[in-house]
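2 protein chains.
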Amino acid sequence: MTFFARHKLIILYALGLGLALFLMKFLEYRLLVIDHAMEIYIGAIALIFTSLGIWLALKLSKPKVERIEVIKEIRVPAENFVFNEKEAERLGLSKREIEVLEFLAQGLSNQEIADKMFVSLNTIKTHTSNLFSKLDVKRRTAAVDEGRKLGLVR
Amino acid sequence: MTFFARHKLIILYALGLGLALFLMKFLEYRLLVIDHAMEIYIGAIALIFTSLGIWLALKLSKPKVERIEVIKEIRVPAENFVFNEKEAERLGLSKREIEVLEFLAQGLSNQEIADKMFVSLNTIKTHTSNLFSKLDVKRRTAAVDEGRKLGLVR
DNA sequence: CACGAATTCACCCGAAAGTATGAATGAAAA
DNA sequence: TTTTCATTCATACTTTCGGGTGAATTCGTG
Chain A
1 MTFFARHKLI ILYALGLGLA LFLMKFLEYR LLVIDHAMEI YIGAIALIFT SLGIWLALKL
61 SKPKVERIEV IKEIRVPAEN FVFNEKEAER LGLSKREIEV LEFLAQGLSN QEIADKMFVS
121 LNTIKTHTSN LFSKLDVKRR TAAVDEGRKL GLVR
Chain B
1001 MTFFARHKLI ILYALGLGLA LFLMKFLEYR LLVIDHAMEI YIGAIALIFT SLGIWLALKL
1061 SKPKVERIEV IKEIRVPAEN FVFNEKEAER LGLSKREIEV LEFLAQGLSN QEIADKMFVS
1121 LNTIKTHTSN LFSKLDVKRR TAAVDEGRKL GLVR
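Protein sequences appear in the order of chains A and B.
Numbering follows the numbering used here, with no gaps: position 152 of the first sequence is 152.
Numbering follows the numbering used here, with no gaps: position 91 of the second sequence is 1091.
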């Protein structure tokens, strides 16, 4: 992006201002000839600069961004399950979290998962907790449901 | 809505304009005393009316809205799910228990299910409890897993 | 009507799950 | 080398779940 393109509005504004001042100087000269035209002069200035201000505000005001989430259902055959690696990556799921999710889907308790993975109960709690925030859910059952929708578990 | 309230902005603008004109008349008088102050005079006018224009535009213009559609893909099994009525009958599941099982599969809490079914939390506890013994499981997650295996829930 | 099944709800109590916070370690990336 | 991140574990606390028990009500069927 060039300097001109980046500062286009500012430059245009400066040019407009210069032009307006030139116009006013001209009008000022006319004042010497046509007396008692001060009101017209003031009116012209008011009009020009009000317009300029309006134009400037409309050009520079940032649009309000509205985010709309559209949920699109993709139908996949249920028999041949394929792990949705893109989703896992997008959500930033770690290996252990994915493992935990699989056990959750099997209906195991935290203690049972801890025993199967040879770690402590607290570790599983940490994993589930992180998993829940990444999947944006509050319960293990909801995590399984969401995980299934996203193709993360069978 | 009163006339004043309806045209508040216009009236305020008119008052502001009047005030500005008065100010300028005052400045015009000062011009007779302080010579060569025309540039300051013009600058003041430009500043005032540009500001006025900006303020007016921001007040009156409807906010620009920019829509960003985020498409979230959700995978759902393609095969048409058929409820395994034989299994339900064999296990002696009641209507309410099956309803509860569906909500369990969606990851809802007992309280949320209670709200959806317009009954108390205790009632849902009874249903889940009976459901668990009929499915021979000890946890809601296991109930969902078993229910899916038996074709009772999607 | 009487009977049983289903549904509803309540109370108590312990177990499990979940939250919040902090921290140590080791491996990979910058 | 410093930083980042995954993994591990801990303590303390709150919430939810599940088991056990009892009971009132509704509703269809014999």
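C-beta: ideal position from N, C-alpha, C; glycine also.
Just so you know, these numbers come straight off a predicted model, no measurement behind them.
Worksheet item: Under a CB-based cut-off of 8 Å, is Val153/A close to chain B?
Response: If you number the first sequence from 1, residue 153/A lands on position 153. Not closer than 8 Å to any Cβ of chain B, the Cβ of Val153/A fails to qualify, so no.
Worksheet item: Nearest-angstrom Cα distance between Gly1053/B and Thr50/A?
Response: Mapped onto the second sequence, residue 1053/B falls at position 53. Mapped onto the first sequence, residue 50/A falls at position 50. Roughly 4 Å separates the two Cα atoms.
Discussion item. Strictly below 9 Å CB to CB, what residues from chain B border Lys72/A?
Written reply: As a working note, residue 72/A is residue 72 in the first sequence. Around Lys72/A, the beta-carbon contacts reaching into chain B at under 9 Å are Ile1071, Lys1072, Glu1073 and Ile1074.
Item to complete: Tell me, please, which residues DSSP counts as bridged to Ile1071/B.
Response: Taking the second sequence and counting its residues from 1, one reaches residue 1071/B at position 71. Ile1071/B has Val70/A as its beta-bridge partners, per DSSP.
Worksheet item: Unbroken alpha helix (DSSP H) runs of length 4 or more, entirely within the region 64-150 of chain A: which are they?
Response: Within the region 64-150 of chain A, the runs of alpha helix (DSSP H) that reach at least 4 residues and sit entirely inside it are, in chain order, 85-91, 95-105, 110-117, 121-135 and 140-149.
Discussion item. Taking beta-carbon pairs under 7 Å, can you tell me which members of the region 1078-1095 of chain B lie near chain A?
Written reply: The region 1078-1095 of chain B vs chain A, Cβ under 7 Å: Ala1078 and Glu1079.
Fill in: Cα-Cα separation, Glu145/A to Ala1105/B
On the first sequence, position 145 is the one that residue 145/A refers to. On the second sequence, position 105 is the one that residue 1105/B refers to. The sequence as given places Asp at residue 145/A; Glu does not occur at that position. As the crow flies, the alpha-carbon of Asp145/A is around 7 Å from that of Ala1105/B.
Item to complete: Check the Cβ of Lys116/A against every Cβ in chain B and list those closer than 7 Å, keeping chain order.
Response: Counted from its first residue, the first sequence places residue 116/A at position 116. By Cβ distance, chain B contributes nothing, its closest Cβ being about 15 Å from Lys116/A, past 7 Å.
Discussion item. Which residue wins for smallest C-alpha separation from His127/A, given the options Arg154/A, Lys149/A and Gly92/A?
Written reply: Along the first sequence, read from residue 1 onward, the residue named residue 127/A stands at position 127. Cα-wise, what sits closest to His127/A is Gly92/A.
Fill in: Short Cβ contact (8 Å threshold) for Glu1097/B with Val1153/B
Reading the second sequence from its first residue, position 97 is the one you call residue 1097/B. Reading the second sequence from its first residue, position 153 is the one you call residue 1153/B. No, Cβ-Cβ distance for Glu1097/B and Val1153/B is not below 8 Å.
Worksheet item: If you count every other CB in all the chains shown that lies within 10 Å of the CB of Ile68/A, and 16 or more means buried, which is it?
Response: For the purposes of this step, residue 68/A is taken as the residue at position 68 of the first sequence. By the beta-carbon neighbour count (other beta carbons within 10 angstroms, threshold 16), Ile68/A is exposed.
Worksheet item: Is Gln106/A close to chain B, meaning its C-beta is less than 8 Å from at least one C-beta of that chain?
Response: Numbered from its first residue, the first sequence carries residue 106/A at position 106. Chain B contact via Cβ: present.
Worksheet item: Should Arg75/A be labelled buried (16 or more other beta-carbon atoms within 10 Å of its own) or exposed?
Response: Here residue 75/A refers to the residue found at position 75 of the first sequence. Exposed, since its Cβ has fewer than 16 Cβ neighbours within 10 Å.
Item to complete: Classify Ser61/A as helix, strand or coil using the three-state DSSP reduction.
Response: The residue labelled residue 61/A in the question sits at position 61 within the first sequence. The answer is coil: DSSP assigns Ser61/A none of H, G, I, E or B.
Fill in: Own chain partners of Arg1140/B with C-beta closer than 8 Å, once the 5 adjacent residues on each side are dropped
On the second sequence, residue 1140/B is found 140 positions in, with the first residue counted as 1. Exclusion of the five residues before and after Arg1140/B leaves Leu1104, Thr1128 and Phe1132 as the residues of its chain whose Cβ lies within less than 8 Å of its Cβ.
Discussion item. Can you pull out the residues from the region 1042-1054 of chain B whose beta carbon lies closer than 7 Å to at least one beta carbon of chain A?
Written reply: Those residues of the region 1042-1054 of chain B placed with their C-beta closer than 7 Å to a C-beta in chain A are Ile1042, Ile1045, Ala1046, Phe1049, Thr1050, Ser1051, Leu1052, Gly1053 and Ile1054, ordered along the chain.
Item to complete: Can you pull the chain B residues whose beta carbon is under 7 Å from the beta carbon of Thr141/A, in chain order?
Response: Taking the first sequence and counting its residues from 1, one reaches residue 141/A at position 141. What Thr141/A touches in chain B: Leu1104, Gly1107, Arg1140, Thr1141 and Val1144.
Fill in: Other residues of its chain near Glu87/A: CB distance less than 7 Å, five sequence neighbours each side excluded
One-based indexing of the first sequence puts residue 87/A at position 87. Same-chain partners within the cutoff: Leu150, Gly151 and Leu152.
Worksheet item: Residues in its own chain within less than 7 Å of Arg1006/B by CB, not counting five upstream and five downstream?
Response: One-based indexing of the second sequence puts residue 1006/B at position 6. In this prediction, Arg1006/B scores a pLDDT of 47, lower than 50, which makes its location untrustworthy; no coordinate-derived value is stated.
Worksheet item: Of all the CB atoms in chain A, is at least one closer than 8 Å to the CB of Val1100/B?
Response: In the second sequence, the residue the question calls residue 1100/B occupies position 100. No, its Cβ sits nowhere closer than 8 Å to a Cβ of chain A.
Fill in: Interface partners of Leu1058/B on chain A, CB under 7 Å
As a first step, residue 1058/B is located in the second sequence; it is residue number 58 there, counting from the start. In chain order: Ala57 and Ser61.
Worksheet entry | Three-state secondary structure (DSSP) of Leu47/A | Reading the first sequence from its first residue, position 47 is the one you call residue 47/A. If DSSP states are grouped into helix, strand and coil, Leu47/A belongs with the helices.
Practice prompt. Run down chain B in chain order and give the residues with a C-beta less than 9 Å from the C-beta of Leu150/A.
Written response: Sequence index remark: in the first sequence, residue 150/A carries index 150 (1-based). Near Leu150/A (Cβ distances below 9 Å), the residues of chain B are Glu1073, Ile1074 and Arg1075.
Worksheet item: Checking contacts by CB at 8 Å: is Met1001/B closer than that to chain A?
Response: Locating residue 1001/B in the second sequence gives position 1, counting from the first residue. Bear in mind that a pLDDT of 44 at Met1001/B, under 50, signals an unreliable position, so the number given afterwards is only what the model happens to contain. Chain A, which has no Cβ nearer than 8 Å to the Cβ of Met1001/B, makes this no.
Worksheet item: Should Ile124/A be flagged as near chain B, meaning a C-beta pair shorter than 8 Å?
Response: Here residue 124/A corresponds to residue number 124 of the first sequence, with the count starting at 1. Ile124/A has a beta carbon lying at 8 Å or more from every beta carbon in chain B.
Worksheet item: For Val1137/B and chain A, any beta-carbon pair shorter than 8 Å?
Response: Translated into the one-based positions of the second sequence, residue 1137/B becomes position 137. Yes, because at least one Cβ of chain A sits closer than 8 Å to the Cβ of Val1137/B.
Fill in: Cα-Cα separation between Asp1115/B and Asn1130/B, rounded to whole angstroms
Numbered from 1 along the second sequence, position 115 holds the residue referred to as residue 1115/B. Numbered from 1 along the second sequence, position 130 holds the residue referred to as residue 1130/B. Cα-Cα distance, rounded: 19 Å.
Practice prompt. Give me the Cβ distance between Ser61/A and Leu1058/B, rounded to the nearest whole Å; I'm assuming they're in contact under 8 Å.
Written response: Position 61 of the first sequence, counting from 1, holds the residue named residue 61/A. Position 58 of the second sequence, counting from 1, holds the residue named residue 1058/B. About 7 Å separates the two Cβ atoms, so the contact holds.
Worksheet item: Where does Leu1052/B sit, in a helix, a strand or coil, going by DSSP?
Response: Locating residue 1052/B in the second sequence gives position 52, where the first residue counts as 1. Collapsing the DSSP output to three states places Leu1052/B in a helix.
Practice prompt. Kindly indicate which three-state DSSP category Leu21/A falls into: helix, strand or coil?
Written response: The count along the first sequence starts at 1 and reaches residue 21/A at position 21. Note: Leu21/A maps to helix in three-state DSSP.
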